[in-house]
Amino acid sequence: MAEKLNETEARQGSRGRPVLLVLIAGVALIVIGYFVVGLIGYSTSPDGTLMEPQTLEAPSGEQTETQGDVVTPNESEPQTNDGVQVPG
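Dropping the structure here:
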């Protein structure tokens, strides 16, 4: 017949402290990782703030002529690109 064991001897491991310590250490590492990722994300933004979308203003009527869905610019001096050389 099988030998009778008391409750303490029948356990396969000691009390649950090692498991509890592993769980606490895991949660602590997750929290530390969360803060590290947050700091990296905060430091990589240009000034630490969220960038606001820039709004574009509609061009005035003097600069362009509109014909239906086609926008034709008025004749003016060509734009110059300082420091840019066009191969040719």
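For the sequence shown, full-length UniProt numbering assigns the number 1 to the initial residue and increments by one for each residue that follows. Each residue gets a CB set at the ideal place from its N, CA and C atoms; glycine is no exception. These numbers come from a predicted model, not from an experiment.
Give every residue of the same chain whose Cβ lies closer than 7 Å to the Cβ of residue i, excluding the five residues on either side of it in the sequence, and list them in chain order.
i	result
valine 37	none
Could you compute how far the alpha carbon of residue i sits from the alpha carbon of residue j?
i	j	result
alanine 10	leucine 29	33 Å
proline 18	glutamine 54	55 Å
valine 31	glycine 83	51 Å
alanine 25	glutamate 57	54 Å
serine 43	asparagine 74	45 Å
glycine 3	leucine 21	The residue asked about is misnamed: residue 3 is glutamate in this sequence, not glycine. Cα to Cα, the separation comes out at about 33 Å.
isoleucine 40	leucine 5	55 Å
In the structure shown, what three-state DSSP assignment does residue i receive?
i	result
threonine 72	strand
arginine 17	helix
leucine 56	coil
alanine 2	coil
Every unbroken beta strand (DSSP E) inside the stretch 19-45 [3 residues or more]:
none
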